[in-house]
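Note that the numbering used here gives residue 351 to position 84 of the sequence shown, counting from 1, and the numbers run on in steps of one.
Backbone N, C-alpha and C fix where the C-beta goes; we use that ideal spot for every residue, glycine too.
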Amino acid sequence: MAAALARGIRIPIGNVTKETAMVRFIFYLALLAGLAYGGLYFYYGVEIKRALEHRLDDLGLTAVEVKSIDFPPMAPVTNDAQISAEVSYGGAEASLDIRVIGHPLFSEETRLELDSLQTFRLTIGAGK
């Protein structure tokens, strides 16, 4: 090896072939797509929760608190999605099925329609 270096022959340390470059490109492209989708998924959840809180306020239900929003993985890339929301008021909790028509980022208008009341839990006399 020392003789090869003395004669000026280059010894490849990291041989990058076209296949290796393509695999790296596909890996980084998948990583970038995953980061973009993760950001869209997070943004969708925040915007739907804000829209639901705003809709409840418009109905005069300002004391109702939205605890969580659950939606399928493909909801952020569609214009029509079924989501579920956990809401609470005092000692009562409920699960709501909501249909989202439109998209908070891609549509001019997003409409929320209450499909059904899934569960209702009432806590009476819960001591501290």
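Since I believe residue j is in contact with residue i (beta carbons under 8 Å), could you give me their beta-carbon distance rounded to a whole number of angstroms?
| i | j | result |
| --- | --- | --- |
| R388 | A359 | 7 Å |
| Y310 | L372 | 7 Å |
Can you list, in chain order, the residues of its chain with a C-beta nearer than 7 Å to that of residue i? Leave out the 5 residues immediately preceding and following it.
| i | result |
| --- | --- |
| E376 | G369 |
| P343 | L307, Y308, Y311 |
| T390 | G358 |
| R300 | Residue identity check: residue 300 is Ala in the sequence provided, not Arg. None. |
Consult DSSP for residue i and reduce its assignment to one of helix, strand or coil.
| i | result |
| --- | --- |
| E314 | helix |
| A352 | strand |
| F373 | coil |
| I336 | strand |
| V344 | helix |
| A300 | helix |
| T329 | coil |
| T287 | helix |
| I391 | coil |
Counting C-beta neighbours from all protein chains within 10 Å, is the total for residue i 16 or more, i.e. buried, or is it exposed?
| i | result |
| --- | --- |
| L319 | buried |
| L363 | buried |
| L323 | buried |
| V313 | exposed |
| V290 | exposed |
Kindly confirm or deny that the segment 372-383 and the segment 331-338 touch, where touching means at least three C-beta pairs closer than 8 Å. Short answer: they don't touch.
Looking at C-beta atoms only, is the number of pairs between the segment 291-307 and the segment 352-371 that lie closer than 8 Å three or more? The segment 291-307 vs the segment 352-371: no contact.
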